[in-house]
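Have a look at the structure below, then the notes.
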Amino acid sequence: MNALRNFLDNVKPKFQEGGKFAKFRSTFGAFETFLFTPNETNKCGVHVRDAVDLKRTMIVVVLALVPALLFGMYNTGYQHFRMTGELADVTFWQIFFKGFLAVLPIIVVSYVVGLAIEFASAQMRGHEVNEGFLVSGMLIPLVMPADVPLWMVGVATAFAVIFGKEVYGGTGMNFWNPALLARVFLFFAYPTKMSGETAWYYNYSSEVAVDGFSGATPLAQANAGHYTDFCDAFFGLIPGSIGETSAVAILIGAFILLYTGVASWKTMISVFVGGIAMGWLFNQIGSADNAMAQLPWYNHLVYGGFCFGAVFMATDPVTSARTEGGKFIYGFLIGAMAIVIRVLNPGFPEGMMLAILLMNTFAPLIDHFFVQANINRRKKRVTIKA
Amino acid sequence: MSSKKNKEALLTPLGLNNPVTVQVLGICSALAVTAKLMPAIVMGISVTIITALSNVVISCLRKTIPLRIRIIVQLVVVAALVTIVSEVLKAFAYDISVQLSVYVGLIITNCILMGRLEAFAMQNEPWPSFLDGIGNGLGYAKILIIVAFFRELFGSGTLFGVNILNYDCVANAGYVNNGLMLMPPMALIIVACIIWWQRAHNKDLQQK
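Line by line, the protein sequences give chains A and B. Following my numbering, the numbering of the first sequence begins with 1 at its first residue and continues without gaps. Following my numbering, the numbering of the second sequence begins with 1 at its first residue and continues without gaps.
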């Protein structure tokens, strides 16, 4: 550690004003603050700073994603061998390694493309490099299907970082979740690679699927009237995007996020409440012909990306509502909208992505009303006393 | 005939005073007709003709039009011209008029037209008004063509309907046409990129 610190102190002057590499100041700063807590302080005014800065916060989220990631790797391998019909002949580690090989390139592409754009734009504007992409870069692979072509991941990441984030001014200024923007871009641009029966299986096109193999996700099957067992979907050995299948792994992540206080329990709980309420409502009043409406409400929570979206996407502090009361409404509407889209629009079996992006758009409006209500309440108090 | 002012009326709408990218007018039709190049070009030409002619007519009448009902008079003139263009298209380019569908008729409501009539033709002689109409129409057409070029190339893999990217070897390399390009949001994003590029290169256009 000391050697590293000394090395950084040695080269630092070169990157400061007037140094040889002054142009690359922000790149250097990014690496330095990544390794060590910065020792720079504000020169004016009083600033109370927590020991947990943005980088540390982001790392907690990445840690919380690890269970979902590891399980996603295993499940990718598992689904691959289920497709080829070799499941009985392979060991646990073979399955995991296969999935690892499938998922790792997606992670690498997402990080390389995203960070390259982050560094370039910070460099161009002379800003510090922001660490927001550490999380987005991990979220993007987890919401991709296993068989997505790598160049598409690259294009989508570039689109999301440039149009979702940099044009608004970088981390903290974006009002859509960049990872979801990457997914929604691919979903509409290349629907054949993002949904359907084959996208979820690594190397589907080059390897022969076993006879009688059906690849539909639980949501697609539910659309056709066949409900996957709650426990199977809860543990997560089902086809789906890499990180979204296992509610168990996601709940471990949720526990980490809530225990460290990084994510808001208000948003998370209200997404589930919204989903349960709307799912239950459809169970009561939905038409008997609509298989999705008849899907028991508890199954909605474990199918598709509901859990993943509720825990990792809806709680994104930048794009969610920021007023405490607003978080309840924001979360509730996400859960409710997701179920509404699932049930009423057979074209979109998965509603979570669209619901979250929609509510991201409305989050500032929700905040506005809560802030305004607060102002009005206080104004009233003032006039009464005067 | 070709004074400095007239040249400006003709040329600035192509660049520094472009109706779409600088004044941000006429966006609606720029989204609607740019999925393919051919309709975009026809639309650009139609708007150019209508803007130029309506500018001339209104400019000739400008001293006799009562100010209070000028919008109605302008609309009547534009509507007549739009109807003529629409009929001509139906007669000589039926396929394209089908593709453009209601958007030819909707040229009546194109903000560029009303904007030029109000801002220019009502105050200027017919000849400069004509040049202004041509310039603005071409400025609009220019943006439409750029947007349609990217949307058709990456969305359908063709240009003017001619196959560019849809070959087996390209498909085997993993390339897939981008479906989002065919949807209106992508036209907005491409227009936004053109505006971005233009403002980045012109200090005058940057907002303080």
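Just so it is clear, CB atoms sit at the ideal spot from N, CA and C, and this is done for glycine as well.
TODO: Could you check which residue in G133(B), K36(B), I27(B) and A171(B) has the C-alpha nearest to that of K7(B)?
DONE: Taking only the C-alpha atoms, the option nearest K7(B) is G133(B).
Task: Same chain, Cβ closer than 6 Å to G137(A), neighbours up to 5 away in sequence not counted - done: So the qualifying residues of the chain are S110, Y111 and G114.
Open item on the list: At a CB distance below 7 Å, what residues from the stretch 142-166 of chain A approach chain B? Give them in sequence order.
Closed with: Those residues of the stretch 142-166 of chain A that come within reach of chain B (Cβ to Cβ, closer than 7 Å) are P149, W151 and F163.
Open item on the list: Please state whether the Cβ-Cβ distance between T157(A) and K165(A) is less than 8 Å.
Closed with: Result no, Cβ atoms of T157(A) and K165(A) do not sit closer than 8 Å.
TODO: Compare the C-beta of F188(A) with all C-beta atoms of chain B and state if any pair is closer than 8 Å.
DONE: Closer than 8 Å: yes.
Open item on the list: I want to see whether chain A comes within less than 8 Å of G174(B), judged by CB atoms only; does it?
Closed with: With 8 Å as the cut-off, G174(B) counts as an interface residue toward chain A.
TODO: Report the partner residues of L75(B) according to the DSSP bridge assignment.
DONE: Looking at the DSSP output, L75(B) shares a beta bridge with no other residue.
Open item on the list: As a quick exercise: from F234(A), V153(A) and V271(A), pick the residue whose alpha carbon is nearest that of A338(A).
Closed with: Restricting attention to F234(A), V153(A) and V271(A), the CA atom closest to the CA of A338(A) is found in V271(A).
Open item on the list: If distances are taken between C-alpha atoms only, which option among Y140(B), C169(B) and Y175(B) comes closest to S156(B)?
Closed with: Closest by C-alpha distance to S156(B), out of Y140(B), C169(B) and Y175(B), is Y175(B).
- [ ] With distances taken Cα to Cα, identify the nearest neighbour of K327(A) among I366(A), A293(A) and W280(A).
- [x] The shortest Cα separation from K327(A) among I366(A), A293(A) and W280(A) belongs to I366(A).
Open item on the list: Using 8 Å for Cβ pairs, my map puts A64(A) next to L257(A). What's the rounded Cβ distance?
Closed with: Yes, A64(A) and L257(A) are in contact; Cβ-Cβ is about 5 Å, under 8 Å.
Open item on the list: Strictly under 8 Å for the Cβ-Cβ distance: is N178(B) near chain A by that measure?
Closed with: Interface residue, yes.
Open item on the list: Measuring CB atoms only, is the stretch 87-95 of chain A touching the stretch 318-336 of chain A, in the sense that at least three cross pairs come out at less than 8 Å?
Closed with: In short, these stretches do not touch, since the Cβ pair count stays below three.
- [ ] Assuming T76(A) contacts Y202(A) (C-beta within less than 8 Å), just tell me the rounded distance between them.
- [x] Taking a contact as a CB-CB distance under 8 Å, the pair T76(A) and Y202(A) counts as one, their CB atoms being some 6 Å apart.
Open item on the list: Which residues in chain B have a C-beta closer than 8 Å to the C-beta of K193(A)? List them in chain order.
Closed with: Those within 8 Å of K193(A) in chain B are V176.
Open item on the list: Helix, strand or coil for V129(A)? Go by DSSP, reduced to three states.
Closed with: DSSP places V129(A) in the coil class of the three-state scheme, outside both helix and strand.
- [ ] Locate the alpha helix (DSSP H) running through V60(A), then write down its first and last residues.
- [x] Secondary structure note for V60(A): its alpha helix (DSSP H) is the uninterrupted segment L54 to T84.
Open item on the list: So I189(B) contacts chain A; which residues on that side make the cut at Cβ distance below 7 Å?
Closed with: Per Cβ cutoff of 7 Å: F163.
Open item on the list: Does T260(A) come out as helix, strand or coil in the three-state DSSP assignment?
Closed with: Of the three classes helix, strand and coil, the one that applies to T260(A) here is coil, per DSSP.
Open item on the list: Quick check: does the Cβ of F370(A) come within less than 7 Å of any heavy atom belonging to the ligand NAD?
Closed with: The model depicted lacks the ligand NAD and carries no ligand whatsoever.
TODO: Quick one: using the 10 Å Cβ neighbour count with 16 as the cut-off for buried, is G29(A) buried or exposed?
DONE: Its Cβ being crowded by 16 or more others within 10 Å, G29(A) is buried.
- [ ] Give the interface partners of F185(A) over in chain E, defined as CB-CB distance under 8 Å, in chain order.
- [x] Judged by its chain identifiers, the structure shown contains no chain E, and its protein chains are A and B.
- [ ] Enumerate in chain order the residues of its own chain whose CB-to-CB distance from S287(A) is below 8 Å, with the five nearest sequence positions on each side excluded.
- [x] Excluding residues within five positions, the ones whose Cβ falls inside 8 Å are A293.
TODO: Report the three-state DSSP secondary structure of N376(A) (helix, strand or coil).
DONE: If DSSP states are grouped into helix, strand and coil, N376(A) belongs with the helices.
Open item on the list: Mapping the DSSP letters down to three states, classify L159(B) as helix, strand or coil.
Closed with: In this structure, L159(B) counts as strand in the three-state DSSP scheme.
Open item on the list: Does any residue of chain A have a CB that is nearer than 8 Å to the CB of M183(B)?
Closed with: Judged by the 8 Å Cβ criterion, M183(B) is in contact with chain A.
TODO: Give, in chain order, every unbroken run of the alpha helix (DSSP H) that is at least 4 residues long and sits entirely within the stretch 162-206 of chain B.
DONE: If only complete runs of 4 or more residues are kept, the stretch 162-206 of chain B shows the alpha helix (DSSP H) at 168-172 and 184-201, in order along the chain.
Open item on the list: Going by DSSP, what residue range makes up the alpha helix (DSSP H) through R68(B)?
Closed with: No alpha helix (DSSP H) contains R68(B), which DSSP labels as neither H nor E.
- [ ] Out of A222(A), H368(A) and M352(A), point me to the one whose CA is closest to D289(A)'s CA.
- [x] Nearest C-alpha to D289(A): A222(A).
Open item on the list: In this structure, how does DSSP classify A156(A) when only helix, strand and coil are distinguished?
Closed with: Of the three classes helix, strand and coil, the one that applies to A156(A) here is helix, per DSSP.
Task: Where the alpha helix (DSSP H) through A182(A) begins and ends - done: Counting along the chain, the unbroken alpha helix (DSSP H) around A182(A) starts and ends at P178 to A189.
Open item on the list: Does the structure place the stretch 24-41 of chain B close enough to the stretch 55-75 of chain B that three or more beta carbon pairs sit under 8 Å?
Closed with: The stretch 55-75 of chain B makes no contact with the stretch 24-41 of chain B: fewer than 3 CB pairs, one atom from each, lie closer than 8 Å.
TODO: From the DSSP output, in three-state form, read off D229(A) for me.
DONE: Coil, per DSSP.
Open item on the list: To the nearest angstrom, how far is the alpha carbon of G26(B) from that of Y167(B)?
Closed with: Those two C-alpha atoms are separated by around 36 Å.
Open item on the list: Counting C-beta neighbours from all protein chains within 10 Å, is the total for Y94(B) 16 or more, i.e. buried, or is it exposed?
Closed with: By the 16-neighbour rule on beta-carbons within 10 angstroms, Y94(B) is exposed.
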